[in-house]
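Protein chains in written order, with our numbering: chain H, 1 to 247; chain E, 1 to 247.
By construction, the Cβ of each residue, glycine as well, lies at the ideal position given by its N, Cα and C atoms.
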């Protein structure tokens with residue numbers, strides 16, 4: 001009997017997980033999902049995501065797929081899975097897709113949001129969901145840096161090591177900063193693909209500009225240098241949300 | 001040397017605490033604060049809050065006071081305390097007040113908010129901060145019930161046992177429901193004082209009306225009966241926020 005290909009759209013709060021990918025120690029999102037699906041489908045499954053999220057990183061719309069011999073209706077799988085999952089992971093949508101669909105290789109682009117709480121007072125309710133920066137940031141300068149990223153670039157300066165030797169050229173379709181309520185800043189970055197820690201490395205460097213430690217020409221010099229050692233520190237994981245994957 | 005009277009305004013995420021009040025087992029907000037203040041003030045202190053919050057209940061503006069012989073400036077106390085506190089408790093404001101000020105007895109009123117997530121899908125990011133109800137609630141009917149509460153009433157029907165024999169008459173200044181984004185409902189209740197579990201018992205009963213299990217005349221009958229056994233179940237703690245205490 002041929003296997004069905006199943007696509008899932010997930011939201012999860014990554015706070016208490018050791019990231020997406022299954023590993024020997026520490027609970028992961030992938031493992032949590034695979035264990036429950038195995039119970040429902042009565043067979044082991046391997047889930048492939050659009051990309052791994054790191055420990056502490058969240059998703060509003062992560063996409064993944066798996067293949068199964070089970071004939072269960074997708075609504076039955078969805079309801080069963082959500083009943084078994086812990087309350088920090090939710091399967092928003094489950095559907096059957098053509099055999100060729102691959103969550104990672106079929107992806108045309110992704111949208112990430114990075115939240116910064118920019119005010120004197122910390123907020124107990126956002127402690128796992130934003131990077132708290134007390135010093136008032138120059139958001140106009142940050143917006144200027146971000147707009148420089150739009151287009152196709154070699155983004156080696158914003159790639160963490162350990163990411164293999166994949167092509168470092170990516171096309172950024174959108175890179176902007178918006179102001180929410182009560183000091184919340186949202187950095188939105190949409191691209192055809194992302195290098196390891198790319199959003200967090202970009203945000204860390206753009207924040208340097210917001211603090212006045214580097215100017216626009218220095219930011220441009222970092223971008224064109226293609227040298228990770230020049231960029232700012234990596235922003236912490238808890239502000240990062242994978243919003244959407246586009247196919 | 002005379003003791004100073006210090007007032008604090010706090011926000012805290014109550015998720016991982018066994019409520020406000022110091023107790024033998026389990027971490028509490030009071031204990032967490034008293035231990036840090038003792039380090040800063042170099043003397044033991046007893047903190048008195050406007051009222052206790054239960055396990056899992058949150059505060060945006062809890063008020064408390066304590067007396068101390070310390071001469072430290074209030075800004076020094078605030079900065080030291082916030083540096084030592086875990087990130088789910090924050091001292092928003094610390095000020096010196098007249099000797100007569102008492103966080104509980106001087107309070108003229110309080111405002112509570114109760115958050116309900118009323119939609120099919122659960123939200124991993126609100127799991128500790130709203131009551132998830134899947135069935136669509138009739139909010140017009142809920143608003144009608146709430147408006148019936150405005151004024152001065154014997155609220156025994158909404159008081160949990162174990163609250164002693166204090167006078168059950170309270171004046172409710174505001175009782176209404178508002179709609180936020182993405183299925184979030186906010187019940188706001190402001191009164192000169194609250195009986196034990198009063199907001200949660202009211203919300204539990206108003207939700208019964210929203211589900212069509214009781215109508216407006218039944219709600220009125222429950223209110224005037226002054227009998228806790230008639231009211232609905234107590235709403236769970238995680239939706240409740242103490243917003244403000246008025247003096």
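What residues in its chain sit with their C-beta under 7 Å from that of residue i, if we drop five residues either side in the sequence?
{"i": "residue 17 (chain E)", "result": "27, 28, 29, 55"}
{"i": "residue 225 (chain H)", "result": "157"}
{"i": "residue 44 (chain E)", "result": "38"}
{"i": "residue 68 (chain H)", "result": "3, 4, 6, 41, 43, 45"}
{"i": "residue 152 (chain H)", "result": "169, 171"}
{"i": "residue 148 (chain H)", "result": "219, 220, 223"}
{"i": "residue 136 (chain H)", "result": "118"}
{"i": "residue 35 (chain E)", "result": "none"}
Hey, residue i and residue j: beta-carbon distance below 9 Å or not?
{"i": "residue 109 (chain E)", "j": "residue 179 (chain E)", "result": "no"}
{"i": "residue 234 (chain E)", "j": "residue 161 (chain E)", "result": "no"}
{"i": "residue 32 (chain H)", "j": "residue 245 (chain H)", "result": "no"}
{"i": "residue 195 (chain E)", "j": "residue 229 (chain E)", "result": "no"}
{"i": "residue 107 (chain E)", "j": "residue 193 (chain E)", "result": "yes"}
{"i": "residue 157 (chain E)", "j": "residue 201 (chain E)", "result": "yes"}
{"i": "residue 85 (chain H)", "j": "residue 155 (chain H)", "result": "no"}
{"i": "residue 123 (chain H)", "j": "residue 219 (chain E)", "result": "no"}
{"i": "residue 80 (chain E)", "j": "residue 139 (chain E)", "result": "no"}
{"i": "residue 93 (chain H)", "j": "residue 125 (chain E)", "result": "no"}
{"i": "residue 242 (chain H)", "j": "residue 19 (chain H)", "result": "no"}
{"i": "residue 143 (chain E)", "j": "residue 177 (chain E)", "result": "yes"}
{"i": "residue 248 (chain E)", "j": "residue 66 (chain E)", "result": "Past the edges of chain E, shown from 1 to 247, lies residue 248 (chain E), and the structure says nothing about it."}
{"i": "residue 131 (chain H)", "j": "residue 199 (chain H)", "result": "no"}
{"i": "residue 300 (chain E)", "j": "residue 128 (chain E)", "result": "The structure shown does not extend to residue 300 (chain E), since chain E is modelled only from 1 to 247, so the question has no answer here."}
{"i": "residue 189 (chain E)", "j": "residue 105 (chain E)", "result": "no"}
{"i": "residue 212 (chain E)", "j": "residue 141 (chain E)", "result": "yes"}
{"i": "residue 99 (chain E)", "j": "residue 64 (chain E)", "result": "no"}
{"i": "residue 205 (chain E)", "j": "residue 175 (chain E)", "result": "no"}
{"i": "residue 146 (chain H)", "j": "residue 187 (chain H)", "result": "yes"}
For a cutoff of 9 Å on Cβ pairs, would you count residue i as touching chain E?
{"i": "residue 50 (chain H)", "result": "no"}
{"i": "residue 153 (chain H)", "result": "no"}
{"i": "residue 82 (chain H)", "result": "yes"}
{"i": "residue 65 (chain H)", "result": "no"}
Can you pull the DSSP bridge partners for residue i?
{"i": "residue 7 (chain H)", "result": "H:65, H:95"}
{"i": "residue 112 (chain H)", "result": "H:189, H:242"}
{"i": "residue 133 (chain E)", "result": "E:118"}
{"i": "residue 58 (chain H)", "result": "H:241"}
{"i": "residue 12 (chain H)", "result": "H:59, H:89"}
{"i": "residue 208 (chain E)", "result": "Note: residue 208 (chain E) sits in no beta bridge, so no partner."}
{"i": "residue 151 (chain H)", "result": "H:172"}
{"i": "residue 48 (chain E)", "result": "E:65"}
{"i": "residue 177 (chain E)", "result": "E:187"}
Report yes or no: is there a C-beta of chain H within less than 9 Å of the C-beta of residue i?
{"i": "residue 12 (chain E)", "result": "yes"}
{"i": "residue 18 (chain E)", "result": "no"}
{"i": "residue 102 (chain E)", "result": "no"}
{"i": "residue 197 (chain E)", "result": "no"}
Along chain H, which residues have their Cβ under 7 Å away from the Cβ of residue i?
{"i": "residue 87 (chain E)", "result": "122, 124, 127"}
Between residue i and the rest of its own chain, which residues show a CB-CB distance below 6 Å, the 5 nearest in sequence each way excluded?
{"i": "residue 134 (chain H)", "result": "120"}
{"i": "residue 214 (chain H)", "result": "208"}
{"i": "residue 9 (chain H)", "result": "61, 63, 92, 93"}
Chain E partners of residue i, CB-CB under 7 Å?
{"i": "residue 92 (chain H)", "result": "121"}
Please go through the same chain and pick out, in chain order, the residues whose beta-carbon is closer than 8 Å to the beta-carbon of residue i, but skip the five residues on each side of it.
{"i": "residue 96 (chain H)", "result": "4, 5, 6, 7, 74"}
{"i": "residue 77 (chain E)", "result": "6, 37, 40, 41, 70, 94"}
{"i": "residue 237 (chain E)", "result": "14, 54, 55, 56, 57, 200"}
{"i": "residue 101 (chain H)", "result": "5, 7, 65, 247"}
{"i": "residue 25 (chain E)", "result": "18"}
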